[in-house]
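Below is one structure; the comments refer to it alone.
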Amino acid sequence: MKSTKRKNKIEYGNVEMPEGFDDPKNHKVRVTMWMDGDLLQELKKRAGEVGAGYQTFAHKILRDSVFEHESFEERIKRIEKALKIKTG
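The sequence shown finishes on residue 695 if you use the numbering used here, and the numbering steps up by one all the way, no holes.
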């Protein structure tokens, strides 16, 4: 009796990866975490106000917070300048 098992052949080729492919910024990682219910509700509310999904909104907030290189004082000066508030 002949085996009916199929052998799947995988073909590999030479594929050029785009520049920056190996940059961690370009890879998403699934994360599971617990958060307070009121925080989740607020994230969803604010995300809805700007027309984004709450996960996308939370991702932007985290990215802005983690990678912010400005000091608090520099941020205040930049905001004051943008609002044209005279100091001193």
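We put the beta carbon where it would ideally sit given N, CA and C, even for glycine.
So, at 6 Å on beta carbons, what are the nonlocal neighbours of residue i in its own chain, with the 5 sequence-adjacent residues on each side left out?
i       : result
Tyr-661 : Leu-650, Lys-651, Ala-654
Arg-670 : none
Ala-675 : The sequence shown places Glu at residue 675, rather than the Ala named in the question. Excluding positions up to five away in sequence, the list is empty.
Contact check, residue i vs residue j under 8 Å by CB: the rounded distance?
i       : j       : result
Phe-664 : Val-657 : 7 Å
If you measure between the beta carbons of residue i and residue j, is that distance less than 8 Å?
i       : j       : result
Asn-633 : Gly-627 : yes
Taking the alpha helix (DSSP H) that residue i belongs to, which residues open and close that run?
i       : result
Val-636 : Run containing Val-636: none; DSSP gives neither H nor E here.
Val-622 : No alpha helix (DSSP H) holds Val-622; DSSP gives it neither H nor E.
His-666 : 661-673
Lys-688 : 679-690
Gly-655 : 644-657
Ordered along the chain, which non-local residues of its own chain (more than five positions away) have a Cβ less than 8 Å from that of residue i?
i       : result
Arg-685 : Glu-677
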